[in-house]
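Here's the structure we're looking at; comments come further down.
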Amino acid sequence: MSYRTGKNFAARMDDLAELTGIPRLTSQLAQDQRRRRPLRWPSMVALVLATIGFGLTLVMPGQFFPGTTLLLLGEGIALFLSWSGPVKPWGATRGVDERDRALRRDAYFATTTSATGVAVLGLIGMAGLALLAGWDRWILVVEMGMLAFYLILLCLIVPTLYVSWTTRPIEDE
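Each residue of the sequence shown is one higher than the one before, counting from -10 in our numbering.
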């Protein structure tokens, strides 16, 4: 126990954690007190950045830094937007009605469909590029990893895109 503050080590660590704001954010997420807004353009920016990054890795096989940087930047934006986007989480019970459930179901159905299509076309396209361009095995392995990152991005951003573009924003009063 410290003589200056009168608190033990664990209490001081709790105070330090409170300064970061994470416990407050965690309780807000648990109670779903955030206002969910459509995020049309930021989610489009994340998707475009990642698509350009993935395209750069395909065009320049051996120089992965520019494409990987854009792909991971888009993925970071997508991760943040999926947390704060208009899709309500699966565990939320407060404020979730039939419309929210239908939107969430349709958004994840669109996500599954688009990710499956991109995966099939991407694998076929990469196999064709590997044969035509004479890629080494390690280039093909890295490109498949980039495709996996792109598919993760799609799973994060397509629900936000779907719900943001199917609902109209409500004006503040």
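A virtual CB, placed ideally from N, CA and C, is assigned to each residue, including glycine.
I need the boundaries of the alpha helix (DSSP H) containing residue i, first residue and last residue.
{"i": "F53", "result": "No alpha helix (DSSP H) holds F53; DSSP gives it neither H nor E."}
{"i": "V109", "result": "87 to 122"}
{"i": "L28", "result": "That residue, L28, is in no alpha helix (DSSP H); it is neither H nor E in DSSP."}
Within this structure, are the beta carbons of residue i and residue j separated by less than 8 Å?
{"i": "L142", "j": "E87", "result": "no"}
{"i": "P148", "j": "V76", "result": "yes"}
{"i": "V130", "j": "L92", "result": "no"}
{"i": "L38", "j": "L150", "result": "no"}
{"i": "L140", "j": "A104", "result": "yes"}
{"i": "I146", "j": "L70", "result": "yes"}
{"i": "W154", "j": "P50", "result": "no"}
Helix, strand or coil for residue i? Go by DSSP, reduced to three states.
{"i": "P75", "result": "coil"}
{"i": "G10", "result": "coil"}
{"i": "T155", "result": "helix"}
{"i": "D4", "result": "helix"}
{"i": "G44", "result": "helix"}
{"i": "G(-5)", "result": "coil"}
{"i": "L142", "result": "helix"}
Considering only C-alpha positions, which residue in the set the options is nearest to residue i?
{"i": "L61", "options": "T40, R93, S73", "result": "T40"}
{"i": "I128", "options": "A35, V48, L92", "result": "V48"}
{"i": "A67", "options": "R1, P31, G42", "result": "P31"}
{"i": "G42", "options": "G106, T58, Y97", "result": "T58"}
{"i": "R157", "options": "L45, L28, D4, R126", "result": "L28"}
{"i": "G56", "options": "L145, A116, L121, E132", "result": "E132"}
{"i": "C144", "options": "A122, K(-4), A99", "result": "A99"}
Is any non-hydrogen atom of the ligand HEM found closer than 7 Å to the C-beta of residue i, if you look at the structure I gave you?
{"i": "S71", "result": "This structure simply doesn't include the ligand HEM, nor any ligand for that matter."}
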